[in-house]
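The structure appears below as structure tokens.
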Amino acid sequence: MEQKLPDFTSTRFLKQHILDTINFYAPRCIDKVSGGYINCFLDDGTVCDYETRQLVGQARFVFIFSVAALLEPGQAYRELAEHGISFLQRHQRDHKHGGYYWELKGQSVSHSVKRAYGHAFVLLAAAMAAKAGISSAFPMIAETFEVLERHFWRENEGLYVDEISADWSEVSPYRGQNANMHLCEAMMTAYEATGNKRYLERAERIAESVMFRLLPQSGGLIWEHYHEDWTIDWTYNYGITKSELRPYGFIFGHSIEWSKLLLLLDRLAPGNWRKPLAQSLFQSAIHLGLDRKNGGIFFSMAPGGRMIDCDKYYWVMAEAIGASSLLAASDRNALQLYRDLFTYCWTYFVDQQRGGWYQLLNPCNRRYSNIKSPPPKTDYHPVTNCLIALTSFSPSGLTE
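First residue of the sequence shown: 5, per our numbering; consecutive thereafter.
What follows is the structure in structure tokens.
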């Protein structure tokens with residue numbers, strides 16, 4: 005007998021799924037010894053790394069607990085978010101040079117480099133915490149923006165550089181779209197939290213630079229890696245598709261994620277080019293990346309069109325759920341695709357008994373490992389995209 009599927013557009017389902025996902029981590033992720041959050045769990049919730057404190061993972065926990073505090077007001081989730089804000093401010097922050105260290109072991113700095121990608125998530129976390137009414141998060145928004153403005157922003161290009169040494173003296177020549185993508189997301193959330201238009205204007209500028217400076221170099225899909233002058237580097241990390249932040253190839257999930265961000269930006273600041281370009285990016289990625297035999301979306305494609313990583317990643321599927329939910333408002337085909345994508349995720353990625361999403365499946369939808377959540381996963385992608393679906397199908401869903 006086939007299992008009856010939930011209504012994936014239901015406010016009640018989406019809220020409960022978000023909370024079930026978050027509750028896999030809470031409260032077991034709270035480290036009462038070193039502070040911050042434990043960020044590595046096996047499928048059954050067993051801890052697999054007590055010490056690693058990667059900036060992105062710590063910030064993502066603040067983000068998801070802030071989302072939970074919005075969905076279920078009260079002290080419990082708010083305190084979980086405040087726990088992470090305190091750790092970021094006391095230990096992950098560089099009190100001498102400013103900004104945030106990339107990684108700690110316990111409370112000791114193990115990787116002092118400053119990355120725009122990490123600061124994007126600090127800004128995003130602070131903004132979502134502020135939206136949830138957590139007062140200690142508000143000053144972090146402006147402070148983090150100022151660090152980004154002073155050290156990472158390049159006005160002539162309208163983009164952020166990727167990596168700088170701890171004392172800000174050495175800027176890496178590497179340029180990447182990934183950090184800029186998440187900074188666009190964070191700026192929109194900062195605008196929603198504060199009403200300050202400088203954040204919205206910055207999100208618009210980033211999007212314009214990526215879409216009109218970077219995308220034309222690569223065609224219908226986003227390329228990841230660039231030289232110092234923002235011309236494409238076709239050989240960076242050649243063949244390495246499993247790099248956490250800098251994988252090689254056309255990453256279908258990032259074109260889908262940009263599609264989502266353009267649609268969100270169009271909600272805040274309507275423009276005549278964003279929605280058509282969002283639809284084009286989404287359709288190109290789905291057309292090329294959809295696995296029509298086994299379901300799901302392939303991970304990456306070489307410049308010549310050959311698939312070079314056919315695995316299925318949780319975050320790619322989650323981003324496709326978010327983007328298709330936004331497109332579904334005006335496109336019946338996108339609504340059916342949304343349901344099909346969520347059905348696939350519900351069947352293969354969602355741990356329906358224990359909560360949380362599995363991380364990585366092979367082309368035939370089998371798990372490689374019993375590590376459900378290595379740093380910095382935290383299921384930020386499923387949480388934020390189910391939240392987007394919630395507000396897409398029920399604009400008043402957060403207050404119901």
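Every residue gets a Cβ at the ideal spot worked out from N, C-alpha and C, and that includes glycine.
query, result
"Starting from Arg158, follow its DSSP beta bridges and name the residues at the other end.", "Leu163"
"Using 9 angstroms as the threshold, is the C-beta distance between Leu163 and Gly122 below it?", "no"
"Okay, do the region 33-44 and the region 78-97 touch, 3+ Cβ pairs below 8 angstroms being the bar?", "yes"
"Considering only the beta carbon of each residue, do Ile138 and Ser70 sit closer than 9 angstroms?", "yes"
"State the start and end residues of the unbroken alpha helix (DSSP H) segment that holds Glu147.", "Phe142 to Val151"
"What's the call for Ser334, buried or exposed, on a 16-neighbour Cβ count within 10 Å?", "exposed"
"So for Ala41, helix, strand or coil by DSSP?", "The sequence shown places Tyr at residue 41, not Ala. The answer is strand: DSSP assigns Tyr41 an E or B state."
"Would the beta-carbon of Gln62 fall within 9 angstroms of that of Gln111?", "no"
"Given this structure, state the Cα-to-Cα distance separating Phe254 from Trp227, to the nearest angstrom.", "6 angstroms"
"Given that a residue counts as buried once 16 or more other Cβ atoms are within 10 Å of its Cβ, and exposed if not, what is Gln363?", "buried"
"Measure from the alpha carbon of Gln181 to the alpha carbon of each residue in Asp233, Arg57, Gln20 and Met132, then state which is nearest.", "Asp233"
"For Arg57 and Val66, what's the separation of their Cα atoms in angstroms?", "13 angstroms"
"List the residues that DSSP assigns as beta-bridge partners of His229.", "Gly180"
"According to DSSP, simplified to helix, strand and coil, what is Phe254?", "strand"
"Would you identify the three-state DSSP class for Gln340, choosing helix, strand or coil?", "helix"
"Just to confirm, is the Cβ distance from Leu108 to Leu127 under 9 angstroms?", "no"
"Using only alpha-carbon positions, find the residue among Thr347, Asn298 and Lys19 that is nearest to Lys8.", "Thr347"
"Could you give the uninterrupted runs of the alpha helix (DSSP H) lying entirely in the region 75-110, keeping only those of 4 residues or more?", "79-91"
"Could you spell out the range, first to last residue, of the alpha helix (DSSP H) harbouring Gln440?", "The requested residue 440 does not occur in the structure, where the chain is confined to residues 5 to 404."
"Compute the distance between the beta-carbons of Asp313 and Lys246, then report whether it is under 9 angstroms.", "yes"
"Can you pull the DSSP bridge partners for Ile236?", "Tyr230"
"Do Phe12 and Arg358 count as a contact pair if the criterion is CB distance below 9 angstroms?", "no"
"Would you grab the beta carbon distance between Leu18 and Cys368 for me? Rounded to a whole angstrom, and I think it's under 8 angstroms.", "Not confirmed; about 29 angstroms, so no contact."
"Just the Cα atoms here: how many angstroms apart are Ile301 and Lys316?", "6 angstroms"
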